[in-house]
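Asks: Below you'll find the structure I mean.
2 protein chains.
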Amino acid sequence: MHTLAEENYLKAIYKLSLIAENVSTNQIAAELATKASSVTDMLRKLADKLLINYTRYQGVSLTQTGEKVAVNIIRRHRLWEYFLVEKLHFKWDEVHEMAEEMEHISSNELIDRLDEFMGFPTRDPHGDPIPDCNGNFKTNDLKAISTVDVNTCGIISGVRDHSSAFLQYLEKQGLTIGKKITIKEIITYDNTVVLQMNNKDLQISRDVANNLLIAL
Amino acid sequence: MHTLAEENYLKAIYKLSLIAENVSTNQIAAELATKASSVTDMLRKLADKLLINYTRYQGVSLTQTGEKVAVNIIRRHRLWEYFLVEKLHFKWDEVHEMAEEMEHISSNELIDRLDEFMGFPTRDPHGDPIPDCNGNFKTNDLKAISTVDVNTCGIISGVRDHSSAFLQYLEKQGLTIGKKITIKEIITYDNTVVLQMNNKDLQISRDVANNLLIAL
DNA sequence: TTGTATTTTTAGACAAGTCTAAAAAAATTA
DNA sequence: TAATTTTTTTAGACTTGTCTAAAAATACAA
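In order, the protein sequences belong to chains A and B. Using the UniProt record's numbering, the first residue of the first sequence is number 1, and each one after it goes up by one. Using the UniProt record's numbering, the first residue of the second sequence is number 1, and each one after it goes up by one.
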């Protein structure tokens, strides 16, 4: 249907669209670790195929078709991640690269059956919502720990940074999806956040607090 | 590790090597539905990487390394086919194309865990042996129905033709893996074979008899 | 064994996707 | 608003894998 490169561009544009409506050439280049000139070339191809809205120098947005394709890739990615963790017992920090390859397997019938096989999960191992076969999914109303008030409590429900390094750190601290925590104090000097979990205090840096999401 | 094209060439060469030691450029071209000139180009690349033994005009054979890679691709293909049929309940005639894509997912850890998840199966849905993680597998000592004597009986255990059309035909006739049959008669006029299965007679053409394998 | 047919290789071209370097447009700043 | 910086695009080149057409090697047949 679409080439590997096309799918990766659509996914990148989708991801960047969540932050700001219009996506710039340089943003895409950074996201895909490629050069702006390569991006420009590809944008013309995607525009020709009516997958994006593109006018020179004006940045891009996905068309309805483009967004559908992107959401479908994300659905495939997250279902494979769920499979790898729940069925093959990989750890949550080990699955991203594999799912990155698996998301390009083209059969939708395959993905729908995989979905059914696993009991139609709604969240992947990192807490991200899994779109259903029509592309619908709950938007995440999660908050970064760094944004909530002192004495708030909530359930760890997602991450912003999906890197192995970050996920391994969280694992080590016991800060995994589903854990209940209370924000006790924010140290003004360096914005270190003091949490309480299982009646024990735990300090996390501003960076970590920015990338760890809770449901209130 | 290796490109998609390289993997497909190695697989094709491996497959053809089972019939005759040395494989010709034209054979590979036919197998991959490409042109002889394209094959020549790729053979030089594979030889440079020490995956095949190649001298101009002399045909090719796999090196030890090349064979290892090829067997690993076959292992991946057959495990995914098994997964698709046993876990996602696809029919045996529906899985080839999907597995053709899935076999290129590169992680060996993934494949080893998939293998374990399914209980280390030794045969794929078409009766072909699945290499273990060291590349070892039982060679098929199966015989085409067309080659056995009248009154022989045996268990349907494999196919030579993996096309949907053939597999669907077998399914319709009930000629599936595991069924016990007896060869009753070979009609000399056109080599039609008369079988008995579940106490009923069944006629199959020479072509079908050539592509259906039994264990005695 | 010589000529013909077949197979294989070479030569040159093309598409996809990438790159560097330079030009053009837009944004920023003074 | 004019000058400078940043962003984006264009131009031209490279790689992988493919193709067609022609040349070279091998196989076959009289």
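The beta-carbon is built from N, C-alpha and C at its ideal position, and this holds for glycine as well. Source: prediction; values computed, not measured.
Helix or strand or just coil, what does DSSP make of Lys49/B?
Replies: Reduced to three states, the DSSP call for Lys49/B is coil.
Asks: Listing by chain order, which chain A residues have their CB less than 8 Å from the CB of Thr87/B?
Replies: Residue identity differs from the one stated: residue 87/B is Lys in this sequence, not Thr. Ordered by position in chain A, the residues that pass the 8 Å Cβ test against Lys87/B are Phe117.
Asks: Can you tell which of His2/A, Lys179/A, Gln173/A, Arg56/A has its C-alpha closest to the C-alpha of Asn72/A?
Replies: Minimum Cα distance to Asn72/A is reached at His2/A.
Asks: Going along chain B, which residues have a C-beta under 9 Å from Ile105/A?
Replies: Within chain B, the residues near Ile105/A are Met98, Glu101, Met102, Ile105.
Asks: Using a Cβ-Cβ cut-off of less than 9 Å, give me the residues of the stretch 111-145 of chain A that come near chain B, in sequence order.
Replies: Taking 9 Å as the Cβ-Cβ cut-off against chain B, the residues of the stretch 111-145 of chain A that qualify are Arg113, Leu114, Glu116, Phe117.
Asks: Flag this pair as touching only if the stretch 201-210 of chain B and the stretch 134-142 of chain B have three or more C-beta atom pairs under 8 Å; answer yes or no.
Replies: The answer is no - the stretch 134-142 of chain B does not touch the stretch 201-210 of chain B, with fewer than three Cβ pairs under 8 Å.
Asks: What are the residues that DSSP puts in a beta bridge with Leu10/A?
Replies: Note: Leu10/A sits in no beta bridge, so no partner.
Asks: Measuring straight from C-alpha to C-alpha, what distance separates Lys35/A and Thr152/A?
Replies: In a straight line, the C-alpha of Lys35/A is about 43 Å away from that of Thr152/A.
Asks: Which full runs of the alpha helix (DSSP H) of 4+ residues lie inside the stretch 51-121 of chain B, going along the chain?
Replies: 64-86, 96-102, 108-117, all fully within the stretch 51-121 of chain B.
Asks: Jot down the residue ranges of each uninterrupted alpha helix (DSSP H) in the stretch 154-199 of chain B, minimum 4 residues, whole runs only, in chain order.
Replies: Fully enclosed alpha helix (DSSP H) runs of 4 or longer: 164-173.
Asks: My output table needs one value for Val39/B: the three-state DSSP class, helix, strand or coil.
Replies: Residue state, collapsed to three classes: helix.
Asks: Evaluate the contact criterion for the stretch 32-46 of chain B versus the stretch 189-196 of chain A: three or more CB pairs, one atom per stretch, below 8 Å.
Replies: Touching, no, given that fewer than three Cβ pairs across the two stretches are closer than 8 Å.
Asks: Which one of Glu7/A, Met118/A, Asp115/A, Ile181/A has the shortest CA to CA distance from Ala144/A?
Replies: Looking at the Cα atoms, Ile181/A is the closest of the given residues.
Asks: Does Ile28/A come out as helix, strand or coil in the three-state DSSP assignment?
Replies: Three-state result, Ile28/A: helix.
Asks: Might you give, ordered along the chain, the residues of its own chain that have their beta carbon closer than 6 Å to the beta carbon of Ser146/B, omitting 5 neighbours on each side?
Replies: Ala209, Asn210.
Asks: Rounded to the nearest angstrom, what separates Glu6/A and Ser24/A at their Cα positions?
Replies: One C-alpha to the other measures close to 17 Å.
Asks: Between Gly66/B, Leu216/B, Ile183/B, which has its C-alpha nearest Lys49/B's C-alpha?
Replies: Checking every option, the nearest Cα to that of Lys49/B belongs to Gly66/B.
Asks: Buried or exposed for Tyr82/B, please, with buried defined as at least 16 other CB atoms from any protein chain shown within 10 angstroms of its CB.
Replies: The residue in question, Tyr82/B, is buried, as its Cβ has 16 or more Cβ neighbours within 10 Å.
Asks: Where does Lys143/A fall in DSSP's three states?
Replies: It is a strand residue.
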